[in-house]
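Notes follow once the structure below has been shown.
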Amino acid sequence: MFSDELITRLKRAQTVVALTGAGVSAESGVPTFRGENGLWKNFRPEELANFNAFIKNPKLVWEWYQWRKELVNKVKPNPGHYALVELEAMFDDFCMITQNVDDLHRKAGAKKIYELHGNIMRNRCVDCNEYTNEDDVQFAESDALPRCHCGGLLRPDVVWFGEQLPQRTLMQAFDAANRAEVFFSIGTSAVVQPAASLPIEARRAGAYVVEINFEPTVISHYVDESIIGKSGEILPKLVARLRQDRSSSEE
Ligand code: OAD
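Under numbering that gives the first Met the number 0, the residue at position 152 of the sequence shown is numbered 151, and the numbers go up by one with no gaps.
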C-alpha cells in the first residue's frame, strides 16, 4: 500500500504537511460538498454560501448553518483524524492545512491547524468584525437574528464564495507547502482555489506529494503517489507502519 520511497522519505523528513478536505470527515458522517450525496447536489451555494444571499435572507442562511452546526456537534472525529494527530507527534515540523470548517481536527487533538475556510463554530459581526463564541448565538427562544453587542448582524465565520481567505492563514499555508519534504493531499477534490494550488506549489518546491482519496481526482496524475481508499483506513495503517519501522530500528 505504501511505497518504499514514501516510507524512506518519511523516515528522513522533519517537515510534513497535510492538506485536508471534506473527505476526511466523511467517515464521521459529515457530508462532502461534491459527489453523489454532496451538499452542493441538494443546496445551491449561491443562495447559502455568499454574502449577498446572507444580506438578502439572513434567516435562511442562518438556518442552514444551524443545521450544519447541529450535525457537526453530534459527530465525532474518526480514525483518520486521530491518525493525523499521531503523525503530528512523530515529526518536528508537522502542520495541517484544512478546508474543513467542522472543527474535527481540533476535537481529535491536533494542535497546528491552518483553517483556510474558517470555522463553523465561530461567528463574527458584519459591522465591527468582532468574533463571538457559539454560546453567544441564541435562536431557541425567538425568531430574531443573532446580533453582536454593537447591534450588527452576526454571521458564521466561514469563507463564502467570492470572499477572500484569511490572508495570514493563507500565507502560512503556502509557506508550509514550500517547506514541506512530504506533502499529503487528503480527502479533497482539489478543485477549489487557492487550496488546490497547495499540492502543486509543494511539489514545485521539492516536496514528495502523496494523495489519499477515495477516488482519483484532477491532481492524481500530477502527484508522486496516489493512494486510493478511505482516509480513516489508510492513515491509521500508515501510522502503524511508521511506528513498526521506528521500533525495529531502535532494537
Ligand atoms: P469535496 O466534496 O469537493 O471533495 C471531497 C473529496 O473527498 C472527494 O474527492 C471524495 O472522493 C473524497 N472522499 C470522500 N470520502 C472519502 C474518504 N472516506 N476518504 C478519502 N477521501 C474521501 O470537498 P473539498 O475538496 O473539501 O468551500 O471541497 C473544497 C471546498 O469546496 C470546501 O471547503 C467548500 C466547498 O465549496 C467553501 O465552503 C469555501
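Beta carbons are placed, not taken as given, at the ideal position from N, Cα and C, and that holds for glycine.
- For residue 173, the enclosing alpha helix (DSSP H) stretches over residues 166-178.
- Between residue 238 and residue 85, the C-beta gap is smaller than 8 Å, which places the two residues in contact.
- The C-alpha of residue 148 is placed about 35 Å away from the C-alpha of residue 41.
- The three-state secondary structure of residue 221, taken from DSSP, is coil.
- Boundaries for residue 244: no beta strand (DSSP E) harbours it, while the alpha helix (DSSP H) harbouring it runs 230-249, taken from the DSSP string.
- Per the coordinates, the alpha-carbon of residue 113 lies some 8 Å from the alpha-carbon of residue 94.
- DSSP places residue 95 within a strand segment (E or B) once states are collapsed to three.
- Between the ligand OAD and the CB of residue 33, the shortest heavy atom gap is smaller than 7 Å.
- Short note on residue 116: C-beta closer than 7 Å to some heavy atom of the ligand OAD.
- Spatial neighbours of residue 111 in its own chain (CB-CB distance under 6 Å, excluding positions within 5 residues in sequence) are listed in chain order as 94.
- In this structure, the CA atom of residue 175 is about 10 Å from the CA atom of residue 169.
- Contact between the stretch 69-84 and the stretch 94-106 is established, with three or more Cβ pairs separated by less than 8 Å.
- The beta carbon of residue 28 sits no closer than 7 Å to any heavy atom of the ligand OAD.
- Measuring C-alpha to C-alpha distances from residue 194 to each of 233, 177, 123 and 97 identifies 97 as the nearest.
- DSSP, read as helix, strand or coil, puts residue 22 in helix.
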